[in-house]
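Peer 1: Below: one structure in structure tokens.
2 protein chains.
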Amino acid sequence: MKRRNTQPKKEILSALKSAHSALSHEMIQSEMKDQMDRATIYRVLNRFCEDGLVHRIVGDDGKQYFALCLQCEEKKHHHNHFHFRCLDCGTVECLDKEIQISLPAGYVPEHFNGLITGHCRRCS
Amino acid sequence: MKRRNTQPKKEILSALKSAHSALSHEMIQSEMKDQMDRATIYRVLNRFCEDGLVHRIVGDDGKQYFALCLQCEEKKHHHNHFHFRCLDCGTVECLDKEIQISLPAGYVPEHFNGLITGHCRRCS
DNA sequence: TTATTATTGCAACAAAGTCGCATTAATAAA
DNA sequence: TTTATTAATGCGACTTTGTTGCAATAATAA
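So the sequence lines, in the order shown, correspond to chains V and G.
Sequence positions in the first sequence follow the working numbering and run 1 to 124.
Sequence positions in the second sequence follow the working numbering and run 1001 to 1124.
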């Protein structure tokens, strides 16, 4: 099914672009001028993930955050990096460095989710 | 306030001991013969965390998992290791290797949460 | 301009986790 | 051993996050 270029989609994408960090559904909703439905936001974000436009980070607060795939090429995605969540301002950022983890024999990795919480430069 | 040695506490601790992996609230509840309240389980687990008996892992499913602090000494806790969650059987295990991550200047780390999902040895 | 169907908005729902409060039961004190 | 103290339990209500069904709407194709 072909994707359509709708208003919510455009606004959410632009919010993700201008934020240089990962956003939760809540952060996105509060930035929207014309209030859009919660379910819509989730659906748009999930579609972005499917399309490889965005990657999903699950914070140690149990919430989902979404960030643009900046360093990701068309086919090859690099998501083996850590994220940093600031306990003060709530910002979730990507840390550049890629991580290589070797698993015990017989383990097949599928997804990587590395998160460090603490205090970011602006808040510490 | 001094801790008391209650029935729920004993049962939950023994469940964590016999499972050689991290358990979610749900897994614990289903292992209990005499059904205990959900809130009680959460409270016991949170107390275990406060007391440094157990560490909390947040899965990329957004759920909390709890595992005994085996390699942790009295004062010094080592939680900088990865966890592996199997998408098939749901098991959450600790991977032994410790990780050292260097943060950008000005960032103060507080917590570490590294998780890999995939298929474990038994399911792959 | 009309037809097709992806997407939205709404409402309902499920699951995870927390909290207040009365009751229960470990522990300490008598 | 009995009584008093208060930590912990169980219940219910609640919040938050995220999903889903369905009718209505609006992008796109015809």
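Don't be surprised by glycine CBs; every beta carbon is placed ideally from N, CA and C.
From I1057 of chain G to K33 of chain V, what distance separates their C-alpha atoms?
Peer 2: By one-based count along the second sequence, residue 1057 of chain G stands at place 57. By one-based count along the first sequence, residue 33 of chain V stands at place 33. Rounded to the nearest angstrom, the two C-alpha atoms are 36 Å apart.
Peer 1: Would you please verify whether the beta carbon of T1117 of chain G is less than 8 Å from any beta carbon of chain V?
Peer 2: To locate residue 1117 of chain G, count along the second sequence from 1; it is residue 117. It does: the Cβ of T1117 of chain G has a partner Cβ on chain V nearer than 8 Å.
Peer 1: Report yes or no: is there a C-beta of chain G within less than 8 Å of the C-beta of L124 of chain V?
Peer 2: The residue you call residue 124 of chain V lines up with position 124 of the first sequence. Sequence check: residue 124 of chain V is Ser here, not Leu. Cβ-Cβ to chain G under 8 Å: yes for S124 of chain V.
Peer 1: V92 of chain V and S21 of chain V - do their beta-carbons sit closer together than 8 Å?
Peer 2: Counted from its first residue, the first sequence places residue 21 of chain V at position 21. Counted from its first residue, the first sequence places residue 92 of chain V at position 92. Contact: yes.
Peer 1: Using a C-beta cutoff of 8 Å, does L87 of chain V count as contacting chain G?
Peer 2: Residue 87 of chain V sits at position 87 when you count from the first residue of the first sequence. Closer than 8 Å to some Cβ of chain G, the Cβ of L87 of chain V qualifies, so yes.
Peer 1: I'd like the span of the alpha helix (DSSP H) that includes L68 of chain V, first residue to last.
Peer 2: Along the first sequence, read from residue 1 onward, the residue named residue 68 of chain V stands at position 68. L68 of chain V -> not in any alpha helix (DSSP H); beta strand (DSSP E) instead, spanning Q64 to L68.
Peer 1: Could you compute how far the alpha carbon of D1037 of chain G sits from the alpha carbon of I1012 of chain G?
Peer 2: Start at 1 with the first residue of the second sequence, and residue 1037 of chain G comes out as number 37. Start at 1 with the first residue of the second sequence, and residue 1012 of chain G comes out as number 12. One C-alpha to the other measures close to 12 Å.
Peer 1: Going by the DSSP bridge assignment, what does A22 of chain V pair with across the sheet?
Peer 2: As a first step, residue 22 of chain V must be located in the first sequence, where it is residue number 22. A22 of chain V is bridged to V:V92.
Peer 1: Give a yes or no on whether the C-beta atoms belonging to V54 of chain V and L70 of chain V are separated by under 8 Å.
Peer 2: For the purposes of this step, residue 54 of chain V is identified with residue 54 of the first sequence, where counting begins at 1. For the purposes of this step, residue 70 of chain V is identified with residue 70 of the first sequence, where counting begins at 1. Their beta carbons are not under 8 Å apart, which means V54 of chain V does not touch L70 of chain V by this criterion.
Peer 1: Measure how close the beta-carbons of I1116 of chain G and P109 of chain V come, nearest whole angstrom, since I'm counting them as under 8 Å.
Peer 2: If you number the second sequence from 1, residue 1116 of chain G lands on position 116. If you number the first sequence from 1, residue 109 of chain V lands on position 109. Right, their Cβ atoms sit about 5 Å apart.
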